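Protein chains in written order, with our numbering: chain H, 1118 to 1274; chain E, 1118 to 1274. Presented below is the structure to which this report refers.
There are 2 protein chains.
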Amino acid sequence: MKDHKDYLKEAIEMAAENVRKNLGGPFGALIVLDGKIIGRGVNRVTYHNDPTAHAEIVAIREACKNLQNFRLDNAIIYTSCEPCPMCLGALYWARISKIIFAASNQDAAEAGFDDSFIYEEIPLPLEKRSIPISKLEIPDYFKPFETWTEMEGKIEY
Amino acid sequence: MKDHKDYLKEAIEMAAENVRKNLGGPFGALIVLDGKIIGRGVNRVTYHNDPTAHAEIVAIREACKNLQNFRLDNAIIYTSCEPCPMCLGALYWARISKIIFAASNQDAAEAGFDDSFIYEEIPLPLEKRSIPISKLEIPDYFKPFETWTEMEGKIEY
């Protein structure tokens, strides 16, 4: 039976291998449910021209596809590095049960991968954010939710 | 020439249409660069069993694919609803230039889509988070970054 360290070591090895193959950034993650690996991911941002293709997101998408479920209840993610806010948000939406990481955000920053800026931005009120964000008043703003509320047979999530 | 309201109205219409077709949640987004729509997205969480398939993420991925670039400099996203932390993080990584939304997070919460919990969790220190998250001490934790630093010909991002 593999333990936490074995899985984390594997995620680290995937991350290093991804760099050696020149397929993306130095990040790897795997998701385990009931002692079985159900999803793996390595950073594919540059390779797929997809800024959302962080290791954790890739692993979540694969695990959910394998389970045919948009929730990962009771699963654990092992990731070579502490998740950024995007990945952390994704892990919350996926209802992951536990997150175990090797390198901290500070370690990543030391290597040139600094996400502290985004961590600082997210809690700010809209008017203090660096990227301009604004609500535009528009009559139909609530229509999608209204349609949702009235819709019968919808799949809740 | 379309203005902000026209694009936002279209995103709202996409969101409502997505519900009517029973293909996912009541959210739509589109990305515009130089007066041209380069990416569209609607919520596909349940349809694709992908908890990361929020409208903004889907739109970012499509826009980046179309541009063959992992950055969306100078592009504007119009989204039917204020982005959740995951999508906000993704928009920062994508270097979007501006975010314009219709419904606020409070409006979404009223309709049963509440992301305030995730907004509150992200700034917390690790030990205060609801989903257990921990750093596991492991000798090779810095190896992926070391490999990255030494790697020649890598694509920086």
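Glycine is no exception: its CB is placed at the ideal position from the N, C-alpha and C atoms. Source: prediction; values computed, not measured.
Should residue i be flagged as near chain E, meaning a C-beta pair shorter than 8 Å?
i, result
"residue 1174(H)", "yes"
"residue 1211(H)", "yes"
"residue 1122(H)", "yes"
"residue 1118(H)", "no"
"residue 1233(H)", "no"
"residue 1186(H)", "yes"
"residue 1109(H)", "It is not possible to answer for residue 1109(H), since the shown part of chain H is limited to 1118 through 1274."
"residue 1238(H)", "yes"
"residue 1207(H)", "yes"
Give the DSSP-derived three-state secondary structure of residue i in the structure shown.
i, result
"residue 1215(E)", "strand"
"residue 1180(H)", "helix"
"residue 1146(E)", "strand"
"residue 1255(H)", "coil"
"residue 1155(H)", "strand"
"residue 1272(E)", "coil"
"residue 1248(E)", "coil"
"residue 1170(E)", "coil"
"residue 1140(E)", "coil"
"residue 1162(H)", "coil"
"residue 1243(H)", "helix"
Let's see if you can read the secondary structure: which residues bound the alpha helix (DSSP H) around residue i?
i, result
"residue 1266(E)", "1260-1267"
"residue 1233(E)", "1233-1238"
"residue 1209(H)", "1202-1210"
"residue 1185(E)", "Neither: residue 1185(E) is in no alpha helix (DSSP H) and is coded neither H nor E."
"residue 1222(E)", "1222-1227"
How would you write the range of the beta strand (DSSP E) that residue i sits in, first residue to last?
i, result
"residue 1136(E)", "Per DSSP, residue 1136(E) belongs to no beta strand (DSSP E); it is in the alpha helix (DSSP H), 1121-1137."
"residue 1193(E)", "1193-1198"
So with Cβ pairs under 8 Å, would you call residue i a contact of chain H?
i, result
"residue 1133(E)", "yes"
"residue 1167(E)", "yes"
"residue 1242(E)", "no"
"residue 1245(E)", "no"
Checklist entry - Using 8 Å as the Cβ pair cut-off and three pairs as the minimum, do the region 1163-1170 of chain H and the region 1179-1187 of chain E touch? => result yes
Item to check | Contact list for the region 1248-1268 of chain E against chain H, Cβ threshold 7 Å | outcome: 1248, 1249, 1250, 1251, 1252, 1253, 1255, 1257, 1258, 1259, 1260, 1261, 1262, 1264, 1265, 1266, 1268
Checklist entry - Using a beta-carbon distance cut-off of less than 9 Å, what residues from the region 1139-1156 of chain E approach chain H? => result 1139, 1141, 1142, 1143, 1144, 1145
Next on the checklist: Three Cβ pairs or more, each shorter than 8 Å: is that satisfied between the region 1234-1248 of chain E and the region 1235-1247 of chain H?
Outcome noted: yes
Next on the checklist: With three or more C-beta pairs closer than 8 Å as the rule, is the region 1187-1197 of chain H touching the region 1187-1203 of chain E?
Outcome noted: no
Item to check | Contact residues within the region 1220-1231 of chain E, judged by C-beta distance below 9 Å to chain H | outcome: 1220, 1221, 1224, 1225, 1227, 1228, 1229, 1230
Checklist entry - Taking contact to mean at least 3 C-beta pairs separated by less than 8 Å, is the region 1244-1263 of chain H in contact with the region 1213-1226 of chain E? => result yes
Checklist entry - When the Cβ atoms of the region 1148-1160 of chain H are set against those of the region 1172-1179 of chain H, are three or more pairs found closer than 8 Å? => result yes
Item to check | Three-pair Cβ contact test at 8 Å for the region 1254-1264 of chain H versus the region 1126-1143 of chain E | outcome: yes
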